[in-house]
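So the protein lines, in turn, are chains P and S.
Residue numbers for the first sequence follow this note's numbering, so the first one is 101 and each next one is one higher.
Residue numbers for the second sequence follow this note's numbering, so the first one is 3 and each next one is one higher.
A short write-up of the structure that comes next.
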Amino acid sequence: MIKKLLLLAAVVGFTFSASQAQDRKALRLNEVMVTNTNSITDDYGQHPAWIELFNSNFGPVNIRGMYLTTDKNQPKMYSIPVGDELTEIGKRQHVVFFADSMPNRGTFHTSFKIKPGQTIYLYDADGISLIDEVTIPEEILADQSFARTQDGNGEWKIRKGTEADNDYITPSSANIIRDANHKIEDFKKMDENGFAMTIMAMCIVFSSLLVLCLCFYGIGKIGSAISKVNKMRSQGKVPTDLGSVRETEHDSGEEIAAIIMALHEHFDAHDLESAILTINKVKRAYSPWSSKIYNLRQTPPTPTRK
Amino acid sequence: MFSDFLLNNLRQFWELTGFANAEVGNFVMLAVGLFFIWLAIKKNFEPMLLVPIGFGILIGNVPFNTSAGLEVGIYEEGSVLNILYNGVSAGWYPPLIFLGIGAMTDFSALIANPKLMLIGAAAQFGIFGAYMVALAIGFEPDQAGAIAIIGGADGPTAIFLSSKLAPNLMGAIAVSAYSYMALVPVIQPPIMRLFTTKKERLIRMKPARAVSQNEKIIFPIVGMLLTCFVVPSALPLLGMLFFGNLLRECGVTTRLAKTASNALTDIVTILLGMTVGASTQASQFLTPQTIFIFFLGFMAFIIASSSGVLFVKIFNLVLPKDKKINPLIGNAGVSAVPMSARISNNLGLEYDPSNYLLMHAMGPNVAGVIGSAVAAGVLLGFLA
Chain P
101 MIKKLLLLAA VVGFTFSASQ AQDRKALRLN EVMVTNTNSI TDDYGQHPAW
151 IELFNSNFGP VNIRGMYLTT DKNQPKMYSI PVGDELTEIG KRQHVVFFAD
201 SMPNRGTFHT SFKIKPGQTI YLYDADGISL IDEVTIPEEI LADQSFARTQ
251 DGNGEWKIRK GTEADNDYIT PSSANIIRDA NHKIEDFKKM DENGFAMTIM
301 AMCIVFSSLL VLCLCFYGIG KIGSAISKVN KMRSQGKVPT DLGSVRETEH
351 DSGEEIAAII MALHEHFDAH DLESAILTIN KVKRAYSPWS SKIYNLRQTP
401 PTPTRK
Chain S
3 MFSDFLLNNL RQFWELTGFA NAEVGNFVML AVGLFFIWLA IKKNFEPMLL
53 VPIGFGILIG NVPFNTSAGL EVGIYEEGSV LNILYNGVSA GWYPPLIFLG
103 IGAMTDFSAL IANPKLMLIG AAAQFGIFGA YMVALAIGFE PDQAGAIAII
153 GGADGPTAIF LSSKLAPNLM GAIAVSAYSY MALVPVIQPP IMRLFTTKKE
203 RLIRMKPARA VSQNEKIIFP IVGMLLTCFV VPSALPLLGM LFFGNLLREC
253 GVTTRLAKTA SNALTDIVTI LLGMTVGAST QASQFLTPQT IFIFFLGFMA
303 FIIASSSGVL FVKIFNLVLP KDKKINPLIG NAGVSAVPMS ARISNNLGLE
353 YDPSNYLLMH AMGPNVAGVI GSAVAAGVLL GFLA
């Protein structure tokens, strides 16, 4: 019993730690601004440099206890405070840290500043597992950001903050702003009558079931050959090849049914049986609730006259 | 003064009642609900589904003052009905139903004769045929995909997909899917007769070979891995379907399989049917789109049944003479289990009283369940 509990605890513990690690491993450094004169302000009305993190999971992740640093030899430079509910990032959401070297100003103010050429590292709560890193280019100018082309993945590019596509600066929001589902727009444009979808989808459905069909055709052949080999061995015969094995396969469902019916007739079996004949193990666990003796009443003693 | 207070409160109470808030649409939907209940009880059309859906329609269409903040409506966040409806809107009831279906289904017929899987694949053409028609009518691709899945004849799959692609159409799609599933005995036989000759209807198929326990255990594991590697978006449905089947076949989890196939399925069916019914509020349901959805669902069923039968006819051209398939089992490629297999059997018996097609038809029938889940995964992958 203790062994089972220990095993269960180990499995639960492993699963929990694995899921935690999996969640945090999907965090990404997403956008960085070094010299901020016109971009967002903090709660104090200042324009500090900022670092944006993105949760690429489809579930919330709490980043408390994780580390941000600019020095790989000092991974625990800034610890993201624990005890603040705001450290939980919603699914596919962003959070911005102000790199102003003023950690006393709140949870999202780091203990370091950043400058061009530096590398920013994001470490897990153990201070050992590196989750993401980015090196800020030397040529980045004031009010320009260094951002991923897509949230959570894609290349890093300098954004100048112009109105051109994918050049705007987006602290705390998606790096690409979409006003429609591009997949549906593509289908509307390229596949007006649905032929492409039909061809692709039917090919996928057919190939999935065809693979399954071939697989079970093979498994069936192998299975029946193995069972016949075993059968022949148990009868003391030595099969020469699988072909000879296949030839002995005669037990069709109809034959089995005919044998059963013949036995039925032979033993003069009746349609209505008082008991069930089964090959399953019948187990009746004892319980005082089902015990016969509790259902029996004692015969009342006959009164005797004195 | 006191009388004013009394009258004022009574007037306020009157404004909360269904009588004060009733509109024509509510009465129309109440009539639809009553019709469903009548169909289920008097005509025995899918009573397990139509009674909960029909009564759900009654629940969902009792009018009330939505601005009173009573938190009773299915679309009011935090209400009891809304909490129960989460299984539909978030799409977790359908996978639980699939778990039960897996635990109930014997895939032996399919394992014994794997080529029948292709009939289950061919019948999915109903989905994509309806998709093309839906696009032609003017639906958006995601809406068309959600509507077209009705052709898979699988209620849980239709609910699952529509909750992801077109949540606003889910009520109409679900009711349409279940209605046509109930009408399978009416829709399919004329199509089967139309596309087959008398000679074809008399084809006798060889009895299936016995399937070993090991094959039955391998099937859900390999089936899940193969299909889900191709279409991971169908993982919730296929994963649960094959998991339920493994519980059934492995022989060491009889209790779990029994629970999945009986108690759990019954509970989820009750909640699913009732909440789907309740989601068909008149304001959401009585729209011209609903009429189109019913029309497209009908089209999808016809195309699916026809393509299954026609595929068998084409397939027979390449099969050896002693391995021909009776095209009457082609209709069973839609996943209305076991209704469409029974129809194949009954129609076969009509033409040859000793030609039992039931077990042969169960092959494409359960393949249809897998096929429609794969098709749903494909649509989800392309359009979500």
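A virtual CB, placed ideally from N, CA and C, is assigned to each residue, including glycine.
The structure presented is a predicted model; accordingly, all values stated were derived computationally and were not measured.
Of all residues in the segment 212-242 of chain P, none places a beta-carbon less than 7 Å from a beta-carbon of chain S. Burial check for asparagine 11 of chain S: the Cβ neighbour count within 10 Å stays below 16, so the residue is exposed.
Here methionine 133 of chain P is bridged, per DSSP, to P:Trp150 and P:Ser245. At least one CB atom of chain P sits nearer than 7 Å to the CB of proline 143 of chain S.
Counting only unbroken stretches of 3 or more residues, the beta strand (DSSP E) elements lying wholly within the segment 240-327 of chain P are 245-250 and 253-259, in sequence order. When Cβ-Cβ separations below 7 Å define contact, lysine 117 of chain S makes contact with chain P.
Using a Cβ-Cβ cut-off of 9 Å, asparagine 293 of chain P is close to Met134, Leu137 and Ala138 of chain S, given in chain order. Contact of valine 376 of chain S with chain P by beta-carbon distance below 8 Å involves Ile304, Val305, Ser308 and Leu309. Scanning its chain for C-beta atoms nearer than 7 Å, with the 5 sequence neighbours on each side dropped, one finds around aspartate 224 of chain P the residues Arg124, Met166 and Ile231, in chain order. In this structure, the straight-line span from the alpha carbon of proline 355 of chain S to that of leucine 288 of chain S is close to 46 Å. Per DSSP, alanine 262 of chain S is not a residue of any alpha helix (DSSP H), being assigned neither H nor E. Collapsing the DSSP output to three states places glutamate 352 of chain S in a helix. Closer than 7 Å to the CB of leucine 363 of chain P there is not a single CB belonging to chain S. Within the segment 150-206 of chain P, the beta strand (DSSP E) runs of at least 3 residues that lie entirely inside it are, in chain order, 167-169 and 194-199. Isoleucine 189 of chain P has a beta carbon lying at 7 Å or more from every beta carbon in chain S.
With respect to chain S, the C-beta atom of glutamate 355 of chain P has no partner C-beta closer than 7 Å. Setting aside the 5 residues that flank it on each side, proline 191 of chain S is surrounded in the same chain by Ile345 and Leu349, each with a C-beta closer than 7 Å to its C-beta; the list follows chain order. For the segment 97-121 of chain S, the set of residues with a beta-carbon nearer than 7 Å to any beta-carbon of chain P comprises Ile113, Pro116, Lys117, Met119 and Leu120, in chain order. Interface residue (Cβ-Cβ distance to chain P less than 7 Å): glycine 128 of chain S is not classified as such.
Counting only Cβ-Cβ distances below 7 Å, glutamate 217 of chain S has contacts in chain P at Ile319, Gly320 and Gly323, in chain order. For the segment 147-158 of chain P, the beta-carbon criterion of a distance under 9 Å to any beta-carbon of chain S is satisfied by none of its residues. In this structure, the CA atom of asparagine 347 of chain S is about 44 Å from the CA atom of valine 26 of chain S. Contacts with chain S at 7 Å (Cβ-Cβ) do not include isoleucine 360 of chain P. For arginine 206 of chain S, the closest of S:Leu258, S:Phe162 and S:Lys326 by C-alpha to C-alpha distance is S:Lys326.
Distance from the CA of threonine 235 of chain P to the CA of asparagine 157 of chain P, rounded to the nearest whole angstrom, comes to 23 Å. Contiguous beta strand (DSSP E) elements confined to the segment 139-191 of chain S do not occur, taking only those with 3 or more residues. Taking a contact to require three or more Cβ pairs closer than 8 Å, the segment 267-278 of chain S and the segment 48-61 of chain S qualify as touching. Within the segment 34-83 of chain S, the complete alpha helix (DSSP H) runs of at least 4 residues fall at 49-62. Fewer than three Cβ pairs drawn from the segment 203-218 of chain S and the segment 173-189 of chain S lie within less than 8 Å of each other, which leaves the two stretches out of contact.
In this structure, the CA atom of threonine 137 of chain P is about 15 Å from the CA atom of threonine 270 of chain P. Looking at the DSSP output, lysine 215 of chain P bridges to nothing. Taking 7 Å as the cut-off, the beta carbon of lysine 260 of chain P is found no closer than this to the beta carbon of aspartate 251 of chain P. Cβ-Cβ separation between tyrosine 133 of chain S and glycine 294 of chain P: approximately 5 Å, consistent with a contact (criterion under 8 Å). In this structure, isoleucine 129 of chain S sits away from alanine 146 of chain S, with a CB-CB distance that is not shorter than 7 Å. Counted as a single uninterrupted DSSP element, the alpha helix (DSSP H) harbouring isoleucine 272 of chain S occupies residues 267-280. In the displayed model, leucine 222 of chain P falls within a strand according to three-state DSSP.
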